[in-house]
Structure formats: structure tokens, C-alpha cells
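Heads up: the structure comes next, in C-alpha cells.
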Amino acid sequence: MTPTLLGRWETRLLLLATVGVIVAVVVGLLVKNFAVPFAVLGYVFLFGLVWDVLYQATINYRWDRDWPTFFQVLAGIVEGALVWFLAHDGLLPGVDRTKLPFGVFIGMYATIWVITFMIAQGPLRLFLVRWRYQGGEVV
Amino acid sequence: MQIAPGTLQVRLSWQDPVTSEETVHLAPLPITLGRSRENTITLNSDAISRQHAALEAVDGEVVIADRGSKNGVYVNRARVQRVPLKDGDTFQIGPFRFTIEFDLSLHAPGQEPSASASLDFATVPMPEPQTPSGTVGVSSQEKAYISVQWTDPASGAQREITAKPPITIGRNRDNMVVLSGTRASRHHAILTLEGGQIIVTDQGTSNGTLLNGQRIQRAVVQPTDTIEMSGYRLTAKAVEVSASGAQPLAAAQPAPAPASGGWEPVRPTEMISAEPAQAGLLKLEPRQPDAPQLTPPPPLSPAIQALSQRQRSPQESTLIFSHESGLLLPFVPQPEAEKKEEAFPPPIFQQLVIPLWQLQQSKIAILETTYLAIGGGLGSFTWVDHLMIAGVPEQQIVVFALEPKPHSRYERLCNYSQIPSHERLRSNSDACPDNIWGWPSYGLREIFRDLGKGKIGSAIKVGAQVFGEPVLTDTYTPRSSDVFNGIDREAQRIGWGRVSRYGLARAIRMTDDGRYVVAVTQINQRQEMTKLFVIARYVHIAVGYPGIQFLADLQEYRDRTKDFYAVVNAYEDHHQVYEHLAKRGGVVMVRGRGIVASRVLQRLSEARQQNRNITILHVIRTPVLAGHRDGHTRRKVENHTEMQPFNWPKACAGGVLRRRLEKADDHTRDRLLNDWGGTTTAKRKDWRQIIRTGQREGWYQLRFARVKRVDRNQTGQLFTLLATDDRNQPETWTPVDFIIDCTGLEAALDSNMLLKDMVESYQLGRNPKGRLRVANDFELTGMRNGPGRIYASGAMTLGGPFAMADSFIGLQFAALRSVEALKKGGAPGLRGLGPLRSFAQWTRWVRGKHP
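In order, the protein sequences belong to chains A and B.
Anchor point for the first sequence: position 54 equals 1033 in the numbering used here, and the numbering is continuous, going up by one each time.
Anchor point for the second sequence: position 756 equals 1075 in the numbering used here, and the numbering is continuous, going up by one each time.
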């Protein structure tokens, strides 16, 4: 991928607002609590916006200004770990850590991440022909 | 005994450069060739003079003579004035390549041709000079030729060849009928004539040969029968071949075999040193004076020096693709000085806006269409693909192409520059000319195909590459055969064969009703040029590279010596170099350091596996220790070559760099393109290994030098005079056997007559790279004519908004941009590419349904 900052943000918003919301609803039904899954989803998105600024600064140090697939995977792990540790330490307002066992968190986070990763790798462009030419920007 | 002039019968065969149809001509000597109708064989092409060449019988020899033509006669790649020919020789005139055979079948039954005499050809009585030529059969009893017709399933084009049996059919290129697609066997079937009947024989294939639906091993074919193999349907019939001017062969009187004329054929192979200059380690000092065959050539006269040093115009150091065939001509065509009977485009084209009534009164056929694509290569193909997927019906689209398949020229250049079908292109996994979405990418397709074949290991390898590139592994690139097969499939799906037709666009003008008229010439089946006006509202121009660029000193050498054998450009057909080296070894000089040089080095190392006596001298002008810089980054350098996976940094395709270039002004674009582009090669494990091994074992040497002159001595040994920037170092004459110029394709706009005329007539100006000035949506805004629009894409737009202009992704991007702009402007038939329509169209792509 060769994203732009706006492209990262727009794609993140688009995928979390669709795939992310659906998965959060399913998890909410399973654990009979919607507040925690949606709060986690919200933090993943908000932290992501900041992460994206950092990533975008990094690619300026790469000749090809690209973002290799391998980096995407590393980024996914780091982002997930940060949210988990903050939630675990009770540092995320609105997330009741007693209602967020590790299994639920990792199940929800991994599902969302894998699905959005796969969609961004290809199927998204079947709907948005221009997406790949404009660094992930949707409009 | 000597043969009386004019009594010799020869068989000439050649391929129509346009239709690839083979023509066979049987006639007594003398035979004249040229554009004028008075010739025995009329050849219709701009590169042919009216009286071009003649074949004559002189002192028992068949001699080919140049009749003062502009562009010359080439025998075995060397330009000749007058040389004897041998049975089976080939010669080239303009885009036509002839094979000459001295027909032995004319011996009377029972008379055995002498096996030993090299000049063992039969004679026929001299025809009455004043008798009008008649068309007669090869034999009154037996039809000696087979005519095969079929439809190319990829392009839908009708194909036909007429040739002497046996006719071989199969997937390999050495067959007379080449079947594309993987289901055909390499040598699939063979057609023979027995007792006047055509026999088809299956060559033991796995998928079989069907005759009228029945699988057969060997069967008689009637003219109404259909032969089927791997998706192709062929019909065959026995025919008589006309031989204008020939006497009925049944009446031919055999004459005794003539005495040998004793001539030696011109063989470029023998002209260069037969022995490798030196085996094993390269020694680059001047040779010992006691080795006479290695004496450097005498110094140049001041006049010749001046000639070689003078600034050459692009025209002079360029080989141009034939307008008629798209094939590379072995010479620089000069415009014919002779005045043509009727100028085309006609004088009304001197106006910038032509009233419609003038076109209608011109008595030239007019074709009207809404959308017109000029070029017919990959640029036109991606544009038409986008148009159709966005909703335009094929009835509103016309394409004028020079070759039957959109990838014909590209594929030929790949083959010449040593990328055969199993090798990989320098292209991204998701730059797919056969799929506007770029998904599934080539990498994904390869993984699925490997899995389907049970090749798990190979699938994992590709998967790891796609996943790990470029950090953990080399960058994935697709196999050229996968790309071409995909394009064939997409061409079939969108009906490319129905919208594309042969035609050369010569000039374009605005019309007074907000459209454009294009003057097109076509060549009909009788080799005659026909003229056509095509009127369209929306025009797309993608004509590609006009030719290949030669280093000036090499072109000067070739002009002077006509040695096309040992001094070659990597983009022309030069397989003889590798074959010669594999057989006999030698020293080869590679000039240039880009991706083509890498591939040529790889090919040389393959030849080295057959013959250890190949040494490589890689000459580049200057050392490169640090790569170009841009912002915080610097391009990596290895072996004095800058490295990047593709021709441009990846983000030029769709990331921050694409946007930066699009927003920049002319001056900045020029600077950015210079920083990002230039000569680079890709980091490939095998290429790096070749260089390392070669340096360690001493058969590869990199040398920084300027080539001051290339010449050969009296024995034909090739030398180059190398100089360095260090004045204290002496210039050295270095003997080599071959020189391969790997410096690139010619991209001067002025080499293309259509573009040059348009840019100059309408004063369009040029972009900083001297090419077409296009807007960010690839419109040639200077050509706007009311609602009419002209767009361009490809190599001729480099210097504009998109760096990867000549790449697959660049053609797709330009196509998408122009189609979006057309949609915005309300062009008819366009329904756009919104999310739902786009997805629906993709599902049609998956199912192979017409858009």
C-alpha cells in the first residue's frame, strides 16, 4: 500500500464503521453488554488516528513511500496491545475491565482486524475504483 | 554450363507484415520488387521505393540487386547493393522478410537432383518477354499447397495461411499455425497432402484433435470439414498457388544442373572473428602486436571523426517501428523523394478546422463513430476496457490498431529484451491491464493456480513474497505469460476483435461540427493501400514508443559497416548473440545499467552454462556511489546501479508522490521526475548472485569508461576504443565479439508523424519532457473542439501528471481519469463507475461475461 494520511483516516473510519460495528454488535449480543465492545471500538479508532500520523511520518523515511503488508501486521499487533494494556489497567474511561476478559477482547479485536485487513487488501476496490490511486482516500 | 539469364525459377515466400498471412510466389527470373504496379511483385508500404530491388540470374547465380532504393535491401541483416543468394537465404525489404528457395521440385520425374552441387537448381524455359503474365497452377494434376483458415479465439480475427505442406500446428512458436492458450500441445497436429487429399494427423496430444466433433488420430479432411483443437476451429483446403509470369510447370523442360558458380554467401557470422577474443579472465590491455587478427583498426580520418562526434538528431540514432506492421525496421526509413500520385491526407487537411461538406466531397470513404482509439496497443485496450465497463456499447467504439493483439508490440519487445514467457516482468502484482480493479492481483491468481495444481510449496513461496515484500523478500512480479494470457481473455470478453481493425492514423483535424476527423490508411488483401476518413467526437491517442534509441557511436558504426550481427540493441531481435556465444564463446560488451542490462546479464549467464568461455565486459560511464536523494531518503545503490523495485518509487502509482507530482508545476515536475526516475534496476537475488559469482570467478568485469569509437579491423575483429575521465590513463583498444546496447527506448514525439503534425499544426506546446501536454485528466486541452475531446495516455505523456506513464498502472490510471472526465461532461453511453455498478461489473468479469 502507498497510503496518504487522509487515506489512512478515511479507510479506517469506513471499515470500522461497517465491519467494526457489525462485529461489535455480535460481540455485544454474546456478552450481553454493548457499552464495552463499542467503547473498545471507539478507542481503537481514536488511537488509530494518532497512530496513522506516526505511520505516515515513518513512510517519509522510505524511498518508495510505501507501507508494506508486513508493517500493517506489526501495526495491528502494536495497536491492539496498547488498547488492551490501557483497558486492563483501567485507564480507558467507559471500559469496565471486569466486563472485558482477555478472550473477549482478543476475539473481537482479531476478528475486526483480520476482516478489515483482508477487505483493504482487495475487495474494497471492487466498489471504489479510485481508492487505490488516491492512497486510500474514499472520496 | 551456364544458365541463360531469365530461365531460373525461384520460390519466394514472405509474410504480410499486417495480416501475417504467408504468400508464396513461384516465378522465373528476373523478378522485380517495388511499390510500383509494373513490378513482378508489388509491395505496398511507405518504406518501399517504386523500383526497389531485382532478382536476376547472373553467371549461374541468383543475385539480388538494389535498384537505387531509399531504404535498401538487407541480406542476413546487412545492407547490400548486389550479392548472390543461396537456397534458403532470407532478405528484407522494408517490413517484408522474404525467403528464397531454388525450387528443386521442378525436376522431371526420375531425374534425381544432384545432392552435391550447391547450385543445383532447375530451370524452366524463359517466358515470352512480351506475353502478359498469366496465373497458372503449380501442377495441372495435383494441388501442391494447403490453405488453412481459422479464427483467433482471443481477438476474433480471421486468419489464413497458404503454404506448402506439411503444415505444422501447435503452441510452439516454430509451428506454421501457432495456437495460443495452454490446452494446445507444443506440436499438436500436422497437415499433409497425399494423392491430392489433405490428411490431418494428431501428434499424440493429450487433448486431442477433433474432425467434425469426432476425435481422430489421422483422417482425410474435406474442404467442408471442421478441425478442432484446444478451442480453435480450422478449415483446410488444397489450393493452387498463382505464379504470375510463370509458364505452366507441367510443361517445364528440365535442364541439366548448372556448373557451380563458386561464390561464397555473405555470412555475417564469418565477418566477425570466429574465435573468442580471449577465453577465461578478461585482460583489457591492448593486444600484442604479433597477433595480426587483433590489430586495432587504423585511426579515423578527421572527416569521419567529425561525423561521429557531431550531434545526432534523434532520428539518426533511432530504429523506428514500421508504420505498417509495428515491426522494428533494420534501417532508418527516409521519406520517399518521389512524388506520390495523390497526397494523403489531402490538401483540405491544411486547414485546422475542416468543414464536413469538404470531407463528403472528397470521394474518400467516411466512417463515423462516437469513440475512437488510435494506437491499438495496451493504452487503447485499457481505455476501451474502461469505457465498456463504464457502460459504452461496443457499437459506439472503433479502434485503429497496427497489430492483431493489444500486447503484440509489448510482447515482442519483451522477447527481444530477453523476457521470455516464463520470466517475470518489472510490474506490480495489482497492475493488471485485464482487470480495472486490480483484484484479484496476479500474485493471488498465481497462488490459487498453484494450489489448484497441488503445487503447495510454490503457492506458499508466492504468498510469502506478496506478504513479505519488499522488507522480507524480493518484490513479487508477474510472469509475462500470465499477463498476456489475461489480456487475451479480457480481449475476448469485451469483443476487442470486433471493435479493433487495422489502420494507420496519419493526421487528425477538427471538424466544423465539434468533432475530429482522422485520416487513416489501411492495406487490403491485395496489398493495396486504401484511404479512409474517420469522424469521431471523442478520441484517445496511445501510440507508444516510436522506436528504439541507439547509442550514437554504435549507430555510427552500424551505418558505416552494416554490421547488424555483432553490434545490437537489447530491444531488437538479437538471439543470434546468445546462440553464437553458447556455441563458440567470446567476449561480450554490455553497455548501460538499467533493468534491461540486468536481464541481458542474466541471459548471458544462462548462455555461460553451455559455454564457460563467455566473458562479460560491462561498461558504464561513471561510478555511482550514492543514490538520488529526495527529502529524508536516498535510493540504494548496488554494483554502481541505483535500485528500486519499479521504474519509479511505488508511491507514484497512488500515494503521496502521485499527488505531489499532480499538484506540481512544470518546472517542479521536471525536477521530481529526474529525482525519482533515471536508470535503475530491481533488487533480485538471482541477479545479485550472477554479479557476485562473475566477479569472483573473473568472467564479469565492470569498467567505467567512455566509448570513443567502435570499429573492426581487416579480419573483422570488433574493437572499441575506451577512454576514462582520468587524463593520465591511456585510451585502450579493447577487442570484443559482441556489443549489446542496453540504453533504452526512443521516446521523441517528433518520431511519430501523427503527433508531430498535431502538436505543430495546433501549436499545442510540449511538457517539460518534450512530450504531449496533457491535463490532470489526460485531456489534450489544446485540441478541445466544442463538445469534442481528445485524450492521450502512455509513454507520450511522460512529463505530465503521472510518473508511471508507460506502465500498466499508468495506462489504467489515465483511462480511468479520462473516462471519469467524459462521464462528467455527459458523454453518451457512459453510466459511470459508482460502487454498485463497479461491483456488478466485477462479477461479470469473474464470470467472463461481456460488460
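Ideal placement from N, C-alpha and C gives every residue a C-beta, glycine not left out.
> Counting contacts by CB-CB distance shorter than 8 Å, is residue 1109 of chain A in contact with chain B?
Replying inline: Position 130 of the first sequence, counting from 1, holds the residue named residue 1109 of chain A. For residue 1109 of chain A, the closest Cβ of chain B is nearer than 8 Å.
>> Using a Cβ-Cβ distance cut-off of 8 Å, determine whether residue 990 of chain A contacts chain B.
In response: Numbered from 1 along the first sequence, position 11 holds the residue referred to as residue 990 of chain A. Not an interface residue.
> For chain A, is any of its Cβ atoms less than 8 Å away from the one on residue 963 of chain B?
Replying inline: Locating residue 963 of chain B in the second sequence gives position 644, counting from the first residue. Yes, its Cβ sits closer than 8 Å to a Cβ of chain A.
> Should residue 910 of chain B be labelled buried (16 or more other beta-carbon atoms within 10 Å of its own) or exposed?
Replying inline: Sequence index remark: in the second sequence, residue 910 of chain B carries index 591 (1-based). With 16 or more neighbouring CB atoms inside 10 Å of its own CB, residue 910 of chain B falls in the buried class.
> Considering only residues of the same chain and omitting the five flanking positions on each side of residue 1069 of chain B, which have a CB-CB separation below 6 Å?
Replying inline: Along the second sequence, read from residue 1 onward, the residue named residue 1069 of chain B stands at position 750. If you ignore the 5 residues before and after residue 1069 of chain B, its C-beta comes within less than 6 Å of the C-beta of 1075, all in its own chain and listed in chain order.
> Considering only residues of the same chain and omitting the five flanking positions on each side of residue 740 of chain B, which have a CB-CB separation below 8 Å?
Replying inline: By 1-based counting over the second sequence, the position of residue 740 of chain B is 421. If the five residues before and after residue 740 of chain B are omitted, its C-beta is found closer than 8 Å to the C-beta atoms of 798, 799, 800 and 803, all from its own chain and listed in chain order.
> Which value, in whole angstroms, describes the spacing of the CA atoms of residue 921 of chain B and residue 1010 of chain B?
Replying inline: As a working note, residue 921 of chain B is residue 602 in the second sequence. As a working note, residue 1010 of chain B is residue 691 in the second sequence. One Cα belongs to residue 921 of chain B, the other to residue 1010 of chain B, and the distance between them is close to 9 Å.
>> On the CB-based measure, 16 or more other CB atoms within 10 Å of its CB, does residue 1166 of chain B come out buried or exposed?
In response: Position 847 of the second sequence, counting from 1, holds the residue named residue 1166 of chain B. Burial is judged here by how many other beta carbons sit within 10 angstroms of a residue's own beta carbon; residue 1166 of chain B has fewer than 16 and is exposed.
>> Give me, in chain order, the residues of the same chain whose beta-carbon lies closer than 6 Å to that of residue 971 of chain B; leave out the 5 immediate sequence neighbours on both sides.
In response: Locating residue 971 of chain B in the second sequence gives position 652, counting from the first residue. Within its own chain, the residues whose Cβ lies closer than 6 Å to the Cβ of residue 971 of chain B, once the five positions on either side in sequence are excluded, are 977, 1122 and 1123, listed in chain order.
>> Among B/1052, B/1109 and B/1059, whose alpha-carbon lies nearest the alpha-carbon of residue 1078 of chain B?
In response: Residue numbering aside, residue 1078 of chain B sits at position 759 when the second sequence is read from its first letter. For the residues B/1052, B/1109 and B/1059, the minimum Cα distance to residue 1078 of chain B belongs to B/1109.
>> Counting only Cβ pairs nearer than 8 Å, list the residues of chain B close to residue 1037 of chain A.
In response: Locating residue 1037 of chain A in the first sequence gives position 58, where the first residue counts as 1. In chain order: nothing, as chain B lies at least about 10 Å away.
> Going along the chain, which unbroken runs of the beta strand (DSSP E) with 3 or more residues stay wholly within the stretch 734-764 of chain B?
Replying inline: Counting only runs that start and end inside the stretch 734-764 of chain B, there is no beta strand (DSSP E) element of at least 3 residues.
> When DSSP builds the beta bridges, which residues end up paired with residue 1028 of chain B?
Replying inline: Sequence index remark: in the second sequence, residue 1028 of chain B carries index 709 (1-based). For residue 1028 of chain B, which the question treats as bridged, DSSP gives the partners B/1040.
> What are the uninterrupted segments assigned as alpha helix (DSSP H) that are 4 or more residues long and contained completely in the stretch 1115-1163 of chain B, given in chain order?
Replying inline: As far as the stretch 1115-1163 of chain B is concerned, its whole alpha helix (DSSP H) runs of at least 4 residues are 1127-1143.
> Is DSSP giving residue 1023 of chain B helix, strand or coil here?
Replying inline: Residue 1023 of chain B sits at position 704 when you count from the first residue of the second sequence. Looking at residue 1023 of chain B - three-state DSSP - the assignment turns out to be strand.
> Going along chain A, which residues have a C-beta under 7 Å from residue 786 of chain B?
Replying inline: Residue mapping note: residue 786 of chain B aligns to position 467 of the second sequence, counting from 1. Here the neighbours are 1048 and 1049.
> Just how far apart, CA to CA, sit residue 485 of chain B and residue 344 of chain B?
Replying inline: Taking the second sequence and counting its residues from 1, the one referred to as residue 485 of chain B is at position 166. Taking the second sequence and counting its residues from 1, the one referred to as residue 344 of chain B is at position 25. Straight-line measurement puts the Cα of residue 344 of chain B at about 17 Å from the Cα of residue 485 of chain B.
> Can the beta-carbon of residue 777 of chain B be found less than 8 Å from the beta-carbon of residue 762 of chain B?
Replying inline: In the second sequence, counting from the first residue as 1, residue 777 of chain B sits at position 458. In the second sequence, counting from the first residue as 1, residue 762 of chain B sits at position 443. Residue 762 of chain B is positioned such that its CB atom lies no closer than 8 Å to that of residue 777 of chain B.
> Are residue 757 of chain B and residue 987 of chain A closer than 8 Å when you measure CB to CB?
Replying inline: As a first step, residue 757 of chain B must be located in the second sequence, where it is residue number 438. As a first step, residue 987 of chain A must be located in the first sequence, where it is residue number 8. Not a contact, by the Cβ cut-off of 8 Å.
> What residues in its chain sit with their C-beta under 7 Å from that of residue 1104 of chain A, if we drop five residues either side in the sequence?
Replying inline: Indexing the first sequence from 1 puts residue 1104 of chain A at position 125. Take residue 1104 of chain A, set aside five residues on each side of it, and the residues of its chain with a beta-carbon closer than 7 Å to its own are 1110 and 1111, in chain order.
> Applying the criterion that 16 or more other CB atoms from any shown protein chain within 10 Å of the CB defines a buried residue, is residue 1001 of chain A buried or exposed?
Replying inline: Counted from its first residue, the first sequence places residue 1001 of chain A at position 22. Here residue 1001 of chain A is exposed, its C-beta having fewer than 16 other C-beta atoms within 10 Å.
>> Within the continuous beta strand (DSSP E) that includes residue 516 of chain B, where are the two ends?
In response: What you label residue 516 of chain B is simply residue 197 of the second sequence in a count that begins at 1. 516-521 is the span of the beta strand (DSSP E), which, as asked, contains residue 516 of chain B.
>> Please classify residue 1095 of chain B as buried or exposed, where buried requires at least 16 neighbouring CB atoms within 10 angstroms.
In response: As a working mapping, residue 1095 of chain B is identified with position 776 in the second sequence. The residue is exposed, with fewer than 16 neighbouring Cβ atoms inside 10 Å.
>> Pull the bridge partners of residue 949 of chain B from the DSSP assignment, please.
In response: By one-based count along the second sequence, residue 949 of chain B stands at place 630. Paired residue(s): B/952.
>> The beta strand (DSSP E) that contains residue 380 of chain B, what's its start and end?
In response: Locating residue 380 of chain B in the second sequence gives position 61, counting from the first residue. Element bounds for residue 380 of chain B: 380-385.
> Going along the chain, which residues of its own chain have a beta-carbon closer than 8 Å to the beta-carbon of residue 1044 of chain A, five neighbours each way excluded?
Replying inline: Translated into the one-based positions of the first sequence, residue 1044 of chain A becomes position 65. Residues of the same chain with a CB within less than 8 Å of the CB of residue 1044 of chain A, apart from the 5 flanking positions on each side, are 981 and 1038 in chain order.
> Cα separation between residue 1015 of chain B and residue 929 of chain B?
Replying inline: The residue given as residue 1015 of chain B occupies position 696 in the second sequence. The residue given as residue 929 of chain B occupies position 610 in the second sequence. C-alpha separation (whole angstroms): 19 Å.
>> Given this structure, state the Cα-to-Cα distance separating residue 705 of chain B from residue 505 of chain B, to the nearest angstrom.
In response: Here residue 705 of chain B refers to the residue found at position 386 when the second sequence is read from its first residue. Here residue 505 of chain B refers to the residue found at position 186 when the second sequence is read from its first residue. Using only the alpha carbons, I get a separation of about 35 Å.
> Along chain A, which residues have their Cβ under 7 Å away from the Cβ of residue 952 of chain B?
Replying inline: Locating residue 952 of chain B in the second sequence gives position 633, counting from the first residue. Near residue 952 of chain B (Cβ distances below 7 Å), the residues of chain A are 1040, 1041 and 1042.
> What separation, rounded to the nearest whole angstrom, lies between the Cα atoms of residue 845 of chain B and residue 718 of chain B?
Replying inline: The residue labelled residue 845 of chain B in the question sits at position 526 within the second sequence. The residue labelled residue 718 of chain B in the question sits at position 399 within the second sequence. Their Cα atoms are separated by approximately 22 Å.
> Mind pulling the chain A residues with CB within less than 9 Å of residue 1157 of chain B?
Replying inline: Taking the second sequence and counting its residues from 1, one reaches residue 1157 of chain B at position 838. The answer, in chain order, is 1104, 1105, 1106, 1107 and 1108.
> chain A partners of residue 1161 of chain B, CB-CB under 8 Å?
Replying inline: Here residue 1161 of chain B is taken as the residue at index 842 of the second sequence, counted from 1. Result: 1105.
> What does residue 791 of chain B reach in chain A if we use C-beta pairs closer than 7 Å?
Replying inline: Along the second sequence, one-based indexing puts residue 791 of chain B at 472. The CB of residue 791 of chain B comes closer than 7 Å to the CB of 1049 in chain A, given here in chain order.
>> Taking the alpha carbon of residue 1053 of chain A as the reference point, which residue from A/1040, A/1025, A/1096 and A/1042 has its own alpha carbon closest?
In response: Mapped onto the first sequence, residue 1053 of chain A falls at position 74. The option with the nearest alpha carbon to residue 1053 of chain A is A/1096.
>> Here's the rule: buried if 16 or more other CB atoms are within 10 angstroms of the residue's CB, otherwise exposed. What is residue 1129 of chain B?
In response: As a position in the second sequence, residue 1129 of chain B is number 810, starting the count at 1. Residue 1129 of chain B counts as buried, since no fewer than 16 other beta carbons sit within 10 angstroms of its beta carbon.
> Interface residues of chain B around residue 1101 of chain A at Cβ under 9 Å?
Replying inline: By one-based count along the first sequence, residue 1101 of chain A stands at place 122. Per Cβ cutoff of 9 Å: 749, 756, 757, 758, 759, 760 and 763.
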